[in-house]
Structures are given as structure tokens and as C-alpha cells.
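For the protein sequence lines, the chains are Y and B, in the order given.
By full-length UniProt numbering, the letter at position 43 of the first sequence is numbered 43, and the numbering carries on one by one without gaps.
By full-length UniProt numbering, the letter at position 49 of the second sequence is numbered 49, and the numbering carries on one by one without gaps.
Protein chains: 2
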Amino acid sequence: MDGRHARGAHTRRVTLARAVDIATVDGLEGLTLGRLAAELQLSKSGIFAHFGSKEELQLATISFAEEVFTEHVLRPAFQAPRGKPRLLTLFERWMDFSRARVFAGGCFFSTVMAEFDAREGKVRDVVVRWRTTWSELLTRLIEEAVEEGHLTPGIDVSQLVFELTAFGRAANHDSLLTRDDSHYDRALTALRARLGESD
Amino acid sequence: MDGRHARGAHTRRVTLARAVDIATVDGLEGLTLGRLAAELQLSKSGIFAHFGSKEELQLATISFAEEVFTEHVLRPAFQAPRGKPRLLTLFERWMDFSRARVFAGGCFFSTVMAEFDAREGKVRDVVVRWRTTWSELLTRLIEEAVEEGHLTPGIDVSQLVFELTAFGRAANHDSLLTRDDSHYDRALTALRARLGESD
DNA sequence: TCACTATCTGACCGATCGTTCGTATAACTT
DNA sequence: AAGTTATACGAACGATCGGTCAGATAGTGA
Numbered sequence: 001m002d003g004r005h006a007r008g009a010h011t012r013r014v015t016l017a018r019a020v021d022i023a024t025v026d027g028l029e030g031l032t033l034g035r036l037a038a039e040l041q042l043s044k045s046g047i048f049a050h051f052g053s054k055e056e057l058q059l060a061t062i063s064f065a066e067e068v069f070t071e072h073v074l075r076p077a078f079q080a081p082r083g084k085p086r087l088l089t090l091f092e093r094w095m096d097f098s099r100a101r102v103f104a105g106g107c108f109f110s111t112v113m114a115e116f117d118a119r120e121g122k123v124r125d126v127v128v129r130w131r132t133t134w135s136e137l138l139t140r141l142i143e144e145a146v147e148e149g150h151l152t153p154g155i156d157v158s159q160l161v162f163e164l165t166a167f168g169r170a171a172n173h174d175s176l177l178t179r180d181d182s183h184y185d186r187a188l189t190a191l192r193a194r195l196g197e198s199d
Numbered sequence: 001m002d003g004r005h006a007r008g009a010h011t012r013r014v015t016l017a018r019a020v021d022i023a024t025v026d027g028l029e030g031l032t033l034g035r036l037a038a039e040l041q042l043s044k045s046g047i048f049a050h051f052g053s054k055e056e057l058q059l060a061t062i063s064f065a066e067e068v069f070t071e072h073v074l075r076p077a078f079q080a081p082r083g084k085p086r087l088l089t090l091f092e093r094w095m096d097f098s099r100a101r102v103f104a105g106g107c108f109f110s111t112v113m114a115e116f117d118a119r120e121g122k123v124r125d126v127v128v129r130w131r132t133t134w135s136e137l138l139t140r141l142i143e144e145a146v147e148e149g150h151l152t153p154g155i156d157v158s159q160l161v162f163e164l165t166a167f168g169r170a171a172n173h174d175s176l177l178t179r180d181d182s183h184y185d186r187a188l189t190a191l192r193a194r195l196g197e198s199d
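Below, the structure written as C-alpha cells:
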């Protein structure tokens, strides 16, 4: 199962696991090769060799975060029944994911979206692409909920996507700032109210 | 009218004006003395002398942003009638402030709160304090709207504070990421719906 | 005009940044 | 066992970081 390059792949993953923790706390710019090397007890050049540039390290870190997020949030959501249950599960998982501090600084994408929203470059572009993916996913789940008869047909889907996402991101940042978990409950309360109390 | 230290005070304000623009784009950590000096055509040590340390520069930048935000958003809001109109005006002004890019990277506090939410130190503490101030202000305005009979007495004020703030921050980041102004309208739509369509 | 003080500069400090390169060490292939 | 490749290291690079300091310059009050 190791493949031919098992050792390198393992180091890479260990490195990226540390990288997402650093990035969620100090940002993808605060993520430096020297610090990564020191914390992992590896050489700076050794880590550098795995990625080729700082920017590639940042992009690899985003990919890794995406993987973990998919595993913890997206995949479980798709095991819930189509429609409103799936939508609710997605947000419950997202909030649990942030609350559990799977990454040291909470939700990776909330952090990175805020960090790069006003900048230029490849990293920003990838972050924007992720935002699009997320919005499209949410749009689909909401439309399915309408199809299933769980939501009113006339509903403004884009508006709903905006609001629900706003709740989740706010819960993440507020809980980190105030060190008070209750904001996650606030987000879920807001979400359920917005989707209608029924069910 | 110059007072005794007019020249220094002027340089200080020009420096801070540039600092908030840099900070809203690249964060308060991305704000460096060298860059500030280069853009302002001043010497690094000259700028440094005004603040004494990088951290003091960051704190001064926050104070400056607070001033400008107060002038553009808070003060106008208090000229609107007590109750729901004041609440609505506050958010309209906030959204206009971000949309107009008074600071190059949009809302200063949305950016900085996301940047420092998972860190430690004086800067974080000041940011948290600002968040508290904002929450208390919003709480007061909502309570006044209840007193004026503009909102239902039984309403969950903290919950409302959370949701309304979430809309504003999301609009700021989404508009920056997508370069699409419409998110501000989304936020105001969500806000009005949440406060009740009437009036 | 003169003295004083506020303001700003330029050279420099040690530390760290991302990056390059030659080389050593491990691991796998044959 | 030998040969080959993957992996990691250590020393060094120019640039930049925050910070220090002695001295030049400018503005003020007497």
C-alpha cells in the first residue's frame, strides 16, 4: 500500500497537517518555512524541497484543508436524506468541525477568505474558486429541499445561500474572539428559523 | 490653530491614513514600517519614531480606523430617529462605508477581527474590546427599538445582534471576494426581513 | 537673532524571510 | 551487493523585518 514514494508522502502530509494549524491561527502569510521546520524538527530546505515555493506550499495547504473539510463535513452531509435534512446536517457538521478545533484556529476557509479577499494572486484565485464551489453546493442542496417539498418554492435561493453562510462564518469568528461556544448555537438557531421551524 | 506640534501630528495622521489602507488589504501584520516608509517617501526610522514599536503602530492604526468609522457610520446613525430608523441607518451607513472603499480593503474591523481572532496579545485584546463595544451598541439600539414599539417585546436581543452583524460582515467579505456589490443589498434585505417588513 | 526642541534622516544591528545548491543518507531496484 | 533514485540536510544568498542611535534639519518662542 505504500507505493514507491511512501516516505516523502508521509512527510508531506505531516507537514501540511501542521501547516493548516498554523494557517488558521496566523494566516497563510504567517505560515513560514522556518517556523514549520522548527516545529517539525526538520530542515527548512527539506520542507522547501517538497513544495518548490512558498506559494505552492500555500496552495498545497489549501488542498489539504479541503480534503479534511470534505471528510468531516461534506461527506457526512451526503449520508443524510436529500432535502432539508441534508442541508441541516451540512451546517451541523460545519459548526461541529469548527467548534471541535479540528484545525487550531477554527474554520480554515473562513480565515483564509478574510485574509485574501482584498489581495491579488494565485492563492486568492483558488480561495475564490472554493467560495464558488461552496455556493454552488449550497444552491443545489436548497433546490433539492424545495423539490422535496421541504422549502417554499418561491424562495430566493441566492439570498438564502448568503444568509446561511453568513451565520456559519460569524459563529466561527465570534467563538474564537469571545472564546464562547454559544455562537455556534446562535448560528444553528438562526439557520433553523430561516429554514422554517417545521420538521 | 496648529498647536505646538502641528507638523508631527500631520505626519502621524497621513501615516495612519495609509496604514489603514494597507491593513485592510494585507492585514495588520502585513503592515510593515519599510513599506509604509517607501509609500510615504519617508524614512523608516522617522515613522518608527512616531510610534515607538510595531505594536504601537498597530494599536494607533486601530484607533484611527475607529475614528473614521465613528465619523462615517456611528455619528450619522445617531442623527436618525431613535428606534428602528436608527438601527436601519446604522447598517445602511456601514454597508455604504464598506462599499465606498473608504479603506482600500473594505471594513477594517471585519478584516482585523478575522486576522486576530485566534491569536494572543494586546492587539487581539483591543479588537475584542471593540467587538464588545459594537455588540453593546447594537443591543442598546435594538432595545430602544423595542421600547419605541418598533420591534416585538419578546425578541431575543443577543440572537438578533449576532445575526445582523453576521450579515454585515459577510457582505463585506463576499463583495471583496467576488467583486460584486450586490452582497450589500443582500445584507440589507436580510436585515429588513429580520426586523420585520413594516416601516 | 539665538537657543531650544520637535522632527526626520541614514547608517547600522541581529534575526528571519524565501530560495539555491552541493552533498549526505536513506530506501528501493536489480 | 551494487547501483539508482528519493529524501533530507547545512551552509550560504540577498532582501527585508523591527529596532537603535548619533546627527542633520526645520520650526518655535524668547
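Ideal placement from N, C-alpha and C gives every residue a C-beta, glycine not left out.
Are the C-beta atoms of Asp125/B and some chain Y residue less than 8 angstroms apart? no
Nearest to Ala9/B (by Cα), restricted to the options His150/B, Gly27/B, Gly168/B, Ala49/B: In this structure, Ala49/B is the residue among His150/B, Gly27/B, Gly168/B, Ala49/B with its C-alpha nearest to the C-alpha of Ala9/B.
How would you list, in chain order, the residues of chain B whose beta-carbon sits under 8 angstroms from the beta-carbon of Gln58/Y? Simply none; closest approach about 14 angstroms.
Nearest-angstrom Cα separation, counted from Gln41/B out to Asp125/B: 32 angstroms
Run through DSSP, which three-state label would Ser45/B get? Residue state, collapsed to three classes: helix.
Min CB distance Gly105/Y to chain B below 8 angstroms: yes
Can a CB atom of chain Y be found closer than 8 angstroms to the CB of Leu90/B? no
Please list the terminal residues of the continuous alpha helix (DSSP H) segment that includes Glu29/Y. 6 to 30
If contacts are defined as beta-carbon pairs under 8 angstroms, then Ile22/Y and Leu36/Y qualify, I think. What distance do you get, rounded to the angstrom? 7 angstroms
Asp181/B versus chain Y: which residues are under 7 angstroms apart at the beta carbon? Neighbours of Asp181/B on chain Y: none; closest Cβ ~13 angstroms, over 7 angstroms.
Tell me, to the nearest whole angstrom, how far the beta carbon of Val20/B is from that of Phe64/B; I am working on the premise that it is less than 8 angstroms. 6 angstroms
Leaving out the 5 sequence neighbours to the left and right, which residues in its chain are closer than 7 angstroms to His72/Y when beta-carbon positions are compared? Excluding positions up to five away in sequence, the list reads Arg93, Phe97, Val102.
Expressed to the nearest angstrom, what Euclidean distance is found between the alpha-carbon atoms of Val123/Y and Val146/B? 45 angstroms
Taking 8 angstroms as the CB-CB limit, is Val128/B close to chain Y? yes
Can you name the start and end residues of the alpha helix (DSSP H) that Arg140/B belongs to? Element bounds for Arg140/B: 122 to 147.
Proximal residues to Thr61/Y (C-beta, below 8 angstroms), its chain only, five neighbours per side dropped: Leu16, Ala19, Val20, Ala23, Leu28, Leu31
Going by other Cβ atoms of all chains shown within 10 Å of its Cβ, with 16 needed for buried, is Ser45/B buried or exposed? exposed
Can the beta-carbon of Arg99/B be found less than 8 angstroms from the beta-carbon of Tyr184/B? yes
Proximal residues of chain B, C-beta to C-beta of Gln159/Y below 8 angstroms: Arg186, Thr189, Ala190
Neighbour-count burial assignment, Gln79/B, 16 or more Cβ in a 10 Å radius: exposed
Alpha carbons only, please: which of Ala187/B, Arg186/B, Ser175/B is nearest the one belonging to Ala118/Y? Per the Cα distances, Ser175/B.
Supposed contact pair Glu120/B and Glu115/Y - C-beta distance, whole angstroms, cut 8 angstroms: Contact flag wrong, Cβ pair sits at about 18 angstroms.
Below 7 angstroms CB to CB, which residues in the same chain sit around His173/Y once its five sequence neighbours on both sides are set aside? Ser110
Between Leu191/B and Phe91/B, is the Cβ-Cβ spacing less than 8 angstroms? yes
With DSSP run on the structure shown, which of helix, strand or coil describes Ala187/B? Ala187/B falls in the helix class under three-state DSSP.
Which same chain residues end up closer than 7 angstroms to Ala6/B when comparing Cβ atoms and leaving out the 5 residues on each side of it in sequence? none
Taking the CB atoms as reference points, tell me whether Val161/B and Ser135/B lie closer together than 8 angstroms. Result yes, Cβ atoms of Val161/B and Ser135/B sit closer than 8 angstroms.
Measure the C-alpha to C-alpha separation of Arg75/B and Glu66/B and round it to an integer number of angstroms. 12 angstroms
Quick test of your reading: Leu164/Y and Leu137/Y, contact by CB under 8 angstroms. State the CB separation rounded to the nearest angstrom. That pair is no contact at about 11 angstroms.
So, are the CB atoms of Met95/Y and Ala166/Y less than 8 angstroms apart? Their beta carbons are not under 8 angstroms apart, which means Met95/Y does not touch Ala166/Y by this criterion.
Do Arg186/Y and Gln159/B have their beta-carbon atoms positioned less than 8 angstroms apart in this structure? yes
Taking a cut of 8 angstroms between CB atoms, which residues from the region 63 to 94 of chain B lie near chain Y? none
Taking its Cβ as the centre, do 16 or more other Cβ atoms sit within 10 Å of Pro153/B, making it buried, or is it exposed? exposed
Is the shortest distance between the beta-carbon of Gly34/B and the beta-carbons of chain Y less than 8 angstroms? It does not; no Cβ of chain Y falls within 8 angstroms.
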